[in-house]
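Residue numbers (the working numbering): 4 to 234.
For glycine and all other residues, C-beta sits at the position ideal for the given N, C-alpha and C.
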Amino acid sequence: MPIIEWSHLALMLLPLSIAGVLYYRWTRDSRTIAWATLRMVVQLVAIGYVLNYIFAQAQSGFFILGVLGVMIVAAAHIVWQRVTHKTLRHYGVLIGVIGFSGLLHLGWVIFGVLAVPSSAWAQVAIPIAGMIFANTMTVLSLFIDRIESMSADIAWQVRRAQALKAAMIPQVNAFMAVGLVSLPGMMTGQIVAGVDPLIAVRYQIVVMAMIMGSASVGLMLYAWWRERYGV
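What follows is the structure in structure tokens.
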């Protein structure tokens with residue numbers, strides 16, 4: 004793949020500037036896009052250095068689990084910010100839900116589907132875990148936003164069904180659009196890197212099934228907990 008020079012990367016400030024201007028004109032909020040962009044750049048550059056270190060130095064399973072633990076805690080904290088009544092118990096449940104669902108599917112893919120050798124655990128597990136945790140985080144956030152915006156007078160089963168449908172829209176749309184409207188990032192990256200498209204397709208199917216499964220299990224567990232304890 005061609006190396007992107009920093010001067011060429013700076014050209015992407017144009018679409019970001021357009022997004023910022025449009026957002027400001029309609030919301031009078033000049034900070035959100037700018038702050039999100041700054042965080043995005045800083046976090047990606049930082050994780051680039053971190054991953055370089057991990058891939059070069061660390062193949063210890065305990066070290067990898069530590070990295071995954073940080074990712075789980077961070078994802079749970081982002082979801083927790085959407086909750087109206089924030090308690091440490093609720094935060095702990097989110098950590099458990101995201102961790103259990105994510106690690107379950109990650110293990111299935113790493114050890115069962117891909118049969119990754121131990122020497123490549125870090126290079127494979129961490130990027131895949133990022134996709135799993137991020138999508139589970141998004142689905143839970145959408146579910147919480149919807150269910151907490153609905154009246155408590157509505158039956159729980161009705162609220163749960165409507166919130167579930169709303170939360171799963173991005174996942175279902177991704178399944179419906181793939182190959183027709185969009186080529187997912189992982190598949191595109193592999194093809195650009197010279198991988199046979201049919202091989203890239205297999206990997207993408209694994210990724211999409213993994214993401215859908217993890218998001219669904221995480222959502223089911225979280226909804227069950229809210230119903231069981233009346234949260």
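- prompt: Who does Ser185 pair with in a DSSP beta bridge?
  reply: Val181
Contact between the region 166–181 and the region 133–151 (3+ Cβ pairs under 8 Å): yes
task: Could you round the C-beta distance between Val100 and Gly221 to whole angstroms and report it? I think they count as a contact, below 8 Å.
output: 5 Å
- prompt: Grouping DSSP H, G and I as helix and E and B as strand, with all else coil, what is Asp199?
  reply: coil
task: Verify whether the separation of the beta carbon atoms of Ile147 and Arg92 is less than 7 Å.
output: no
- request: Compare the beta carbon distance of Phe58 and Ala137 with 7 Å and say whether it is the shorter of the two.
  value: no
Inter-residue Cα distance where the pair is Thr35 and Arg28: 13 Å
Nearest-angstrom beta carbon gap, Gln207 and Met179 [assumed within contact, 8 Å]: Not really, about 15 Å apart at Cβ, beyond 8 Å.
- prompt: How many Å lie between Gln46 and Ala158 at the Cα?
  reply: 42 Å
field: Residue closest to Val82, alpha-carbon to alpha-carbon, out of Phe114, Ile214, Val48 and Gly95
entry: Gly95
- prompt: Is His88 helix, strand or coil when you go by DSSP?
  reply: coil
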